[in-house]
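I have placed the structure first, in the form of structure tokens, so that the comments after it can refer back to it.
Protein chains: 2
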Amino acid sequence: MKEITPKSKDASKWYTDVILKSELADYSPVKGTMVIRPYGFALWESIQSFMDRLIKKRGVKNAYFPLFIPERFLKKEKEHVEGFSPQLAVVTYAGGEELTEKLIVRPTSETIMYEMYKQWFHSWRDLPVLINQWNNVVRWEKRTYLFLRTSEFLWQEGHCAHLTEKENMETVLWALNLYKKTYQELMGVYGICGLKSSSEKFAGAKKTFTYEALMPDGKALQSSTSHDLGQNFAKAFDWTVLDQNGNALYPYQNSWGFSTRSIGGLILAHGDDNGLVLPPKIAPIQIVIVPIYKTETKNKVIEYSEKIKSLLRSFRTELDLRDDETAGFKFNKWELKGVPLRIEVGEKEMAGQILTLARRDTKEKIKIKQADLKVSVKKLLDEMQKAIFFKHKQMTEENTHQTEDYDEFKKIMKTTKGFIYAFWCENPQCEEKIKQETKATTRCLPLDAKTEKGSCIYCQKPAKHRWLFAQSY
Amino acid sequence: MKEITPKSKDASKWYTDVILKSELADYSPVKGTMVIRPYGFALWESIQSFMDRLIKKRGVKNAYFPLFIPERFLKKEKEHVEGFSPQLAVVTYAGGEELTEKLIVRPTSETIMYEMYKQWFHSWRDLPVLINQWNNVVRWEKRTYLFLRTSEFLWQEGHCAHLTEKENMETVLWALNLYKKTYQELMGVYGICGLKSSSEKFAGAKKTFTYEALMPDGKALQSSTSHDLGQNFAKAFDWTVLDQNGNALYPYQNSWGFSTRSIGGLILAHGDDNGLVLPPKIAPIQIVIVPIYKTETKNKVIEYSEKIKSLLRSFRTELDLRDDETAGFKFNKWELKGVPLRIEVGEKEMAGQILTLARRDTKEKIKIKQADLKVSVKKLLDEMQKAIFFKHKQMTEENTHQTEDYDEFKKIMKTTKGFIYAFWCENPQCEEKIKQETKATTRCLPLDAKTEKGSCIYCQKPAKHRWLFAQSY
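Going line by line, the protein sequences match chains A and U.
Plus 2 on top of the position in the first sequence (first one is 1) and you've got this note's numbering.
Plus 2 on top of the position in the second sequence (first one is 1) and you've got this note's numbering.
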């Protein structure tokens with residue numbers, strides 16, 4: 003196994019090395035796209051199963067809408083088509099013929115879905131509409147940045163419609179909270195919930211809410227978004243429903259998406275120089291057992307290892323029986339893959355009924371009695387899940403600044419980077435200037451931001467709120 | 003609710019009516035494509051969860067390969083590209099530019115996957131390769147036949163590779179058996195497992211195995227296929243691995259797919275003039291409770307209905323509380339949707355603690371004591387699952403013929419249709435002539451076919467086996 007570049011030396015090279023060598027994913031022959039290998043896809047399956055249960059619990063149902071969207075549909079919402087057109091992939095030829103109408107490979111499904119909503123739902127009794135889909139979307143990229151920026155990615159896109167603005171906003175915030183919960187409870191990734199500025203919002207949305215997570219290199223990752231579409235799309239598609247009094251009204255709509263991009267955040271947030279560090283709840287393999295034996299003890303040690311494995315069958319446990327790799331090689335391999343716990347099993351362990359658990363995150367080694375195995379492992383995995391989240395939260399807090407001085411702002415963005423809270427007058431020109439001068443953009447207005455009397459860090463004009471700034475992926 | 007066309011009058015119109023009116027699916031604005039609505043998608047989710055568990059149990063892991071395949075890849079296996087080229091959708095324009103190499107929207111993923119296998123796997127230790135993916139594929143169609151023939155469909159495609167021909171064939175037959183199990187145990191659809199003739203096999207395969215199910219209109223549905231690819235693709239991609247002795251060898255490969263087309267078979271096989279009939283195991287809603295009340299008893303009856311619902315919480319139970327529909331309308335609605343059991347709850351039931359269960363398949367009404375509710379429902383649902391399968395099996399057997407007389411063969415294909423076992427010499431010209439004259443094709447050589455001394459039903463030359471013939475979807 004070749005070495006991976008240390009994270010501290012070159013975070014970007016480290017990131018690619020880790021993904022390729024831990025076999026999470028690979029480049030595909032088409033520029034801008036990637037292959038998600040089984041070990042990486044298992045992370046996505048963990049995310050899907052965690053989120054899908056909560057989505058269904060809310061009463062939202064899964065469906066499937068077509069991959070191809072007629073070009074004219076995309077054009078119905080002006081901002082929407084302007085936002086997406088540079089990134090579209092277009093089918094012009096199919097079934098042996100030039101198409102009379104070009105087909106867009108969906109970059110997102112608002113337009114095709116809302117055309118159907120208009121056909122299906124006509125009365126207040128049909129609302130709320132609560133529909134989600136798990137699918138693939140395409141937004142053209144010339145260069146692949148594995149997981150973080152790829153022409154095709156997997157996601158879920160929820161698209162609900164309500165009679166009232168209030169109910170609509172409840173769904174928008176429920177989805178944002180679902181994403182926060184997934185990041186925090188499953189993936190151990192801390193972040194800030196907030197509102198996007200108008201220049202950063204989704205093309206066609208009234209308001210966009212985001213979960214922004216800080217990565218250890220000081221850059222922020224927009225980790226998922228939930229959009230209040232207001233009545234924009236309903237009007238663009240001329241979709242009305244009759245309310246209880248027989249009046250036609252445009253439904254209020256929202257859309258919310260969580261993608262395989264999140265896996266990039268998971269890797270960046272927790273990994274170290276030895277490779278991935280996976281929180282136990284999302285880890286495809288939670289425990290690996292490595293038997294250590296000489297030829298004459300092989301059978302006995304393997305038999306004992308299998309016993310240990312069966313004691314741990316309520317966890318995702320793997321027994322590494324390859325006989326062409328040394329124990330040292332195996333330790334490195336499973337560290338690289340971020341498996342939370344490693345158990346070494348040899349003659350000594352058999353004799354003493356004492357096992358050593360090696361913890362991936364802290365590298366501690368913990369000795370336990372075999373009789374306590376299941377309970378100890380459960381406790382340790384729970385502890386690790388919390389510790390990994392806490393470490394990321396702490397890293398975020400240590401790299402979060404607040405300043406009223408633009409020189410200091412610039413200095414931070416040149417050196418350690420990180421999150422900066424700063425007053426902004428909400429004029430897009432100041433936002434643009436700050437971006438040009440520091441590469442930092444407004445990440446969001448945190449949901450819990452206080453209203454204050456301040457002055458814009460750029461133009462000094464009055465500003466009511468401290469926005470969260472950072473450079474971003 | 004508008005009437006549906008009786009199945010006996012026009013099976014094809016009935017089929018479309020049922021799908022649209024039960025809200026399983028709808029036509030999408032792009033010709034050849036469809037939208038799978040939540041009620042239809044829930045069927046696919048049942049199938050996915052049933053199959054995915056068995057796929058994982060076999061050690062096959064899920065992954066995700068890109069939607070776009072470079073044109074040159076598809077051309078590597080000659081038969082493969084010839085088979086698929088009339089049906090391809092092609093992206094020629096992306097990210098604001100004409101592409102230098104056209105991209106094919108995957109019709110199936112052999113070529114993109116095997117290019118990666120070649121990069122990843124080099125030694126006998128890396129085999130078997132056991133990979134599956136759940137995704138969407140595109141094979142252009144001008145006219146949509148909902149579920150049965152659509153330009154885009156959802157499926158799983160398994161792609162394994164082995165060191166030996168024997169192991170490879172074990173996987174091919176395991177997959178075929180997985181499909182049989184899914185059809186028979188989950189979907190209640192009887193069918194025949196067998197080998198495809200060379201003209202009907204998958205483009206690029208050495209052998210194709212199929213599950214063929216007879217529909218009540220006398221036509222067969224090719225319901226899923228498992229392919230022995232031999233070394234064809236390994237050679238086309240020049241993929242070799244080193245065996246235990248250090249010799250390079252081409253791995254043996256297989257691929258197997260099960261698609262949303264199967265839902266078309268489910269609908270056709272069991273439905274009746276009142277709509278869908280869903281086997282309980284796959285039904286998104288297994289039991290519906292319809293409360294029947296007058297204004298003055300409303301609260302009491304609803305409260306009692308909720309109690310009944312909570313007693314049935316281990317089943318997928320729905321309580322229909324809409325107050326703008328009559329009980330009769332509701333009965334029709336849930337019958338149309340194929341819900342296995344309906345429970346009517348009114349004052350009489352409350353007083354007597356006796357409930358009436360209406361069975362969707364046989365339309366029987368069964369009175370039971372409320373105290374026995376859970377046990378009775380469980381027993382009844384199990385019974386229905388078996389009865390629905392048995393009924394389809396019986397229908398298939400009643401419409402299966404064996405003949406050595408070509409005039410009789412033609413007569414059957416003109417009238418009742420169905421399956422016909424007939425000797426065939428395995429000359430593709432006879433197969434083609436039979437198709438032209440009777441519209442019937444060879445469906446398969448059943449796995450359990452005996453070797454006999456017969457003569458071809460068409461040319462009278464010696465023939466060893468009776469093949470299964472039918473007209474097909």
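Even glycine gets a Cβ: it sits at the ideal position worked out from N, Cα and C.
Where does the unbroken beta strand (DSSP E) through residue i begin, and where does it stop?
i, result
"threonine 443 of chain U", "443-448"
"tryptophan 157 of chain A", "154-164"
"tryptophan 136 of chain A", "131-140"
"valine 32 of chain A", "Counting along the chain, valine 32 of chain A falls outside any beta strand (DSSP E), and DSSP gives it neither H nor E."
"phenylalanine 43 of chain A", "No beta strand (DSSP E) contains phenylalanine 43 of chain A, which is instead part of the alpha helix (DSSP H) from 40-59."
"threonine 18 of chain U", "Where threonine 18 of chain U is concerned, there is no enclosing beta strand (DSSP E), although the alpha helix (DSSP H) it sits in stretches over 13-23."
"glutamate 99 of chain U", "99-107"
"glutamine 404 of chain U", "402-404"
Just to confirm before moving on: does the CB-CB distance between residue i and residue j stay below 8 Å?
i, j, result
"tyrosine 295 of chain U", "glycine 348 of chain U", "yes"
"threonine 262 of chain A", "leucine 156 of chain A", "yes"
"leucine 244 of chain U", "histidine 124 of chain U", "yes"
"glycine 97 of chain A", "leucine 447 of chain A", "no"
"glycine 1 of chain A", "lysine 419 of chain A", "In the structure as shown, chain A starts at 3 and stops at 475, and residue 1 of chain A therefore has no counterpart that could be examined."
"leucine 26 of chain U", "isoleucine 194 of chain U", "no"
"arginine 324 of chain A", "tryptophan 336 of chain A", "no"
"leucine 132 of chain A", "proline 253 of chain A", "no"
"alanine 205 of chain U", "phenylalanine 70 of chain U", "no"
"tyrosine 17 of chain A", "proline 286 of chain A", "no"
"valine 93 of chain A", "valine 83 of chain A", "no"
"alanine 65 of chain U", "isoleucine 265 of chain A", "no"
"alanine 465 of chain A", "tryptophan 426 of chain A", "yes"
What would DSSP say about residue i, mapped onto helix, strand or coil?
i, result
"valine 243 of chain U", "strand"
"methionine 397 of chain U", "helix"
"valine 347 of chain A", "strand"
"cysteine 458 of chain U", "coil"
"asparagine 429 of chain U", "coil"
"proline 253 of chain U", "coil"
"tyrosine 181 of chain A", "helix"
"glutamate 169 of chain A", "helix"
"leucine 26 of chain U", "coil"
"phenylalanine 123 of chain U", "coil"
"glutamine 233 of chain U", "coil"
"serine 474 of chain U", "strand"
"tyrosine 423 of chain A", "strand"
"methionine 476 of chain A", "Nothing about residue 476 of chain A can be reported from this structure: the residues present for chain A run from 3 to 475 only."
"alanine 451 of chain U", "coil"
"lysine 371 of chain A", "strand"
"serine 378 of chain U", "helix"
From what residue to what residue does the alpha helix (DSSP H) around residue i run?
i, result
"glutamate 366 of chain A", "Neither: glutamate 366 of chain A is in no alpha helix (DSSP H) and is coded neither H nor E."
"phenylalanine 480 of chain A", "This structure leaves residue 480 of chain A out entirely; chain A is present only between 3 and 475."
"glutamate 5 of chain A", "Segment: none, glutamate 5 of chain A is in no alpha helix (DSSP H) and carries neither H nor E."
"lysine 466 of chain U", "Careful: lysine 466 of chain U lies outside any alpha helix (DSSP H) and carries neither H nor E."
"threonine 408 of chain A", "Correcting the residue identity first, residue 408 of chain A is tyrosine in this sequence and not threonine. Start and end: 408-416."
For a cutoff of 8 Å on Cβ pairs, would you count residue i as touching chain C?
i, result
"arginine 263 of chain A", "No chain C appears in this structure, whose protein chains are A and U."
ask   = Which runs of the alpha helix (DSSP H) fall wholly inside the region 257-297 of chain U and span at least 4 residues, in chain order?
value = If only complete runs of 4 or more residues are kept, the region 257-297 of chain U shows the alpha helix (DSSP H) at 263-272, in order along the chain.
Item to check | Continuous beta strand (DSSP E) assignments of at least 3 residues falling wholly in the region 61-97 of chain U | outcome: Every beta strand (DSSP E) of 3 residues or more that sits fully in the region 61-97 of chain U is shown, in chain order, as 70-72, 91-96.
- Task: Starting from the N-terminal side, write out each stretch of the beta strand (DSSP E) that is 3 residues or longer and does not extend beyond the region 302-360 of chain U.
- Result: Counting only runs that start and end inside the region 302-360 of chain U, the beta strand (DSSP E) elements of at least 3 residues fall at 319-321, 343-347.
Determine which residues of the region 3-32 of chain U have a Cβ less than 7 Å from any Cβ of chain A, and write them out in chain order.
Flagged, chain order: Asp28, Ser30, Pro31, Val32.
Which residues, in order along the region 72-101 of chain A, keep a beta-carbon less than 8 Å from a beta-carbon of chain U? Cβ contacts with chain U come from Pro72, Phe75, Ser87, Pro88, Gln89, Leu90, Ala91, Val92, Val93, Thr94, Tyr95, Ala96, Gly97, Gly98.
- Item | Interface residues of the region 102-122 of chain U facing chain A [CB-CB below 9 Å] | Sequence-ordered contacts of the region 102-122 of chain U with chain A read Glu103, Lys104, Leu105, Val107, Ile114, Met115, Glu117, Met118, Gln121, Trp122 [C-beta pairs closer than 9 Å].
Handout entry: 3-residue-minimum beta strand (DSSP E) runs that sit fully inside the region 194-226 of chain U, ordered along the chain
Key = Whole beta strand (DSSP E) segments, 3+ residues: 194-197, 209-216.
Notebook entry, point to check: Listed in chain order, which residues of the region 324-354 of chain U have Cβ atoms closer than 8 Å to some Cβ of chain A?
Noted result: From the region 324-354 of chain U, only Arg324, Asp326 have a Cβ closer than 8 Å to chain A.
Q) Given a limit of 9 Å on CB to CB distance, which residues of the region 41-52 of chain A reach chain U? A) Under the 9 Å Cβ criterion, the region 41-52 of chain A contributes Tyr41, Gly42, Phe43, Ala44, Trp46, Glu47.
* To do: Could you list the residues in the region 237-260 of chain A with a C-beta less than 8 Å from some C-beta on chain U, going in chain order?
  => Within the region 237-260 of chain A, no residue qualifies.
Practice item. Name, going along the chain, the residues of the region 281-306 of chain U whose beta-carbon falls closer than 8 Å to a beta-carbon of chain A. Key: Taking 8 Å as the Cβ-Cβ cut-off against chain A, none of the residues of the region 281-306 of chain U qualify.
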